[in-house]
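Just so you know, we're using the working numbering here: the sequence shown kicks off at -11 and counts up by one. Backbone N, C-alpha and C define an ideal beta-carbon position, used for all residues, glycine too. I have placed the structure first, in the form of structure tokens, so that the comments after it can refer back to it.
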Amino acid sequence: MSDLLNDKIKNTKTFTIISHPDAGKTTLTEKLLLFGGAIQIAGAVKSNKIKKTTISDFLEIEKQRGISVTTSVMNFNYNGFNINLLDTPGHKDFAEDTYRTLTAVESVILVIDCVKGVEEQTEKLMNVCRMRNTPVIIFINKLDREGRNPFELLDEIEEKLDIKVKPLSWPVGIGSGFKGVYNIYENTFNYFISNKQKVEKDVETFTDMNDDRLSVILGDSTEKLKKDLELVEGVYGKFELEEYLSGTVAPVYFGSALNNFGVKELLDSFINIAPTPKARETTSGYVDSTDEKFSGFVFKIHANLNPKHRDRIAFLRVCSGKFERNKFYHHVRLDRDIKFANPAVFMASDKKLIEEAFPGEVVGLYDSGIFKIGDTLTEGEKFMFKGIPTFSPEIFKELRLNDPFKSKQMDKGILHLTDEGLAQVFIQYHGNRKIVGTVGELQFDVIQYRLQNEYGVDCKFTPVNYHKACWVIYDDDSDINELLTFRSNNLFKDKHNNLVFMSESPYQIEKAMMNNPKAKFLFNIEYNIETVQEEN
Ligand code: G4P
């Protein structure tokens, strides 16, 4: 392995921040970029969340930020580390996009609002992290607000997120009585001063816990802090790096992103402990990041919402070797060699052409429609990266044409849009009905709008009574005789021709499983490859 490649990998960290909307993801992102010098002032990172769930809001925001592209991947340097922060949509209706981004990172920072605790979206996102044993650092945010007792919050996190926690810092007071955070790792105390605009790299830190000034600041809280720390040590024990790296223990930091408090400790800890690009599983074994030969996969496709330019940008995560501009690479699914003249990387506010990229980095490739999510590029080898799952959607509607002469355009449009991962489409097993499945209502509006504007198709969505899509794996038709005979109305195919049972109720799935004992029913399946991942 070349020294250059080795050095690059050693200093690269690729991660994403996840949270329930409003917990403070955007604010924390911004503060991290400030520390990394990637932006100069607070307020530079536009929130990518959609406060109201209407199509006009969505389009307006897309227009304003031009965004999703420029802020999809943020790259900055901190203490000699090359840090890639992959953004995820702030709106829960786009959660599937977040699930896929999780496949392209090595670790995650999870933000929890100390007032609200663990919320619904946090649980869902953690489930995906657990499936992949992704290391997670937890940041409990908004300590300047009247939040909940920290022990109570930690109990809730352990219970609802099914992960052990290990606090590495500890708050003194909360809300109006918030005095600061004790750094358990370094045995120091950081005194809280409200600071919403600047990056204060030198928060006042006390290294001597017997400092007279500190006694004045802490007053009565000193004794409580001592007791809390004893309890923390007794209950949560010592921090073991291996437990964090294997995804079984999540270190916890407390702070206030808005006030830039606790963020530096979080970042310092992150660069120390977060994993560097690691080996990834493919259809023919593991590929190590230090492998000289280039390989990578597409985890996200971003469409241009301008109907005159149907071009898209495919985001490729480099997994091994060196990616080079204008060099031919093998598109495994299409079995074609392709070169890229204009690969780009994304900085906080703009993009620039790149000549090369290394493991852990993300390259934006201009795509005229040749990519699907999950596609692999290699230097000629014929493997595909594994582990890019499709989950059962949560809401289903039937796509219908208002103008019957546009059926070809509609088929083309919906296939393109689903290639981007915007939704999933299921086509009737014995027929041509098309059911579109999403994780949120907003996508139906977006699809309808885009079919009309980009493909000239006037269509509508009508409600259907399905609640889950379940992929069915079987060896021969006799394994699913009952389904074929009695349940053909529930049988569909996904766009890769996998058989899908659309159930109307949990009871219906149970019954189908009982009556077809040789078949396997799965609630998630991997993109593009035959190997199927078992339901978690
Ligand atoms: P999100 O990306 O996770 O959805 O959350 P975001 O950072 O946009 O934060 C949601 C709201 O919480 C924002 O207020 C933000 O200012 C506030 N916030 C974030 N961190 C802290 C913190 O440490 N303390 C306090 N008190 N508030 C925090 P907003 O009123 O919705 O938006 P804005 O008008 O302030 O931008």
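Out of the options, which has the shortest C-alpha to C-alpha gap to residue i?
i    : options                 : result
N67  : F23, S(-10), K481, L202 : F23
G368 : Y170, Y179, K281        : K281
A332 : L219, D323, F311        : F311
S272 : T366, F509, E218, R300  : T366
I289 : G362, L90, V220         : G362
I513 : N503, W459, Y437        : W459
R268 : M197, F371, V223, Y232  : F371
S149 : N121, L255, I172, F285  : Looking at the sequence provided, one finds Leu at residue 149 rather than Ser. Nearest option by C-alpha distance: N121.
E221 : D323, L246, I172        : I172
Y495 : N486, F414, H455        : H455
E349 : I326, L304, E343, K499  : L304
K214 : N129, Y170, V99         : Y170
F531 : A245, G168, E218, L219  : There is simply no residue 531 to check, as the chain begins at -11 and stops at 524 in what is shown.
S493 : F474, Y462, A457, H484  : A457
I126 : K339, N115, L98, T278   : L98
F373 : V320, G425, S395, I342  : V320
M114 : G105, V96, V103         : V96
L322 : F480, L353, A291, K360  : K360
A83  : I261, E253, H8          : H8
G357 : F180, A302, E386, G309  : A302
N248 : Y443, L471, L387, K130  : K130
Quick check on residue i: buried or exposed, where buried means 16 or more other Cβ atoms within 10 Å of its Cβ?
i    : result
I468 : buried
V61  : buried
M398 : buried
A329 : exposed
L403 : exposed
S257 : buried
V286 : buried
Y274 : exposed
E111 : exposed
P505 : exposed
N175 : exposed
K212 : exposed
V93  : buried
T519 : In this predicted model, T519 has a pLDDT of only 35, less than 50, meaning its place in the structure is not dependable enough to derive any value.
F139 : exposed
G409 : buried
S476 : exposed
S157 : buried
F393 : exposed
N390 : exposed
Does DSSP classify residue i as helix, strand or coil?
i    : result
I376 : coil
Y462 : coil
E230 : helix
G362 : coil
D279 : coil
L387 : strand
G225 : coil
E18  : helix
K215 : helix
Y173 : coil
E369 : coil
R438 : helix
C447 : strand
K112 : helix
A267 : coil
Y274 : strand
M490 : strand
V320 : coil
L341 : strand
E147 : helix
A300 : It is Arg, not Ala, that sits at residue 300 in the sequence shown. Three-state result, R300: strand.
P77  : coil
C117 : helix
K506 : coil
P138 : helix
T0   : strand
- Message: For the pair the segment 201 to 212 and the segment 236 to 246, tell me if three or more CB-CB distances fall below 8 Å.
- Response: no
- Task: Please confirm if the segment -11 to 6 is in contact with the segment 223 to 231, defined as three or more CB-CB distances below 8 Å between the two stretches.
- Result: no
- Task: Taking 8 Å as the threshold, find out whether the segment 378 to 391 comes into contact with the segment 320 to 329 through three or more Cβ pairs.
- Result: no
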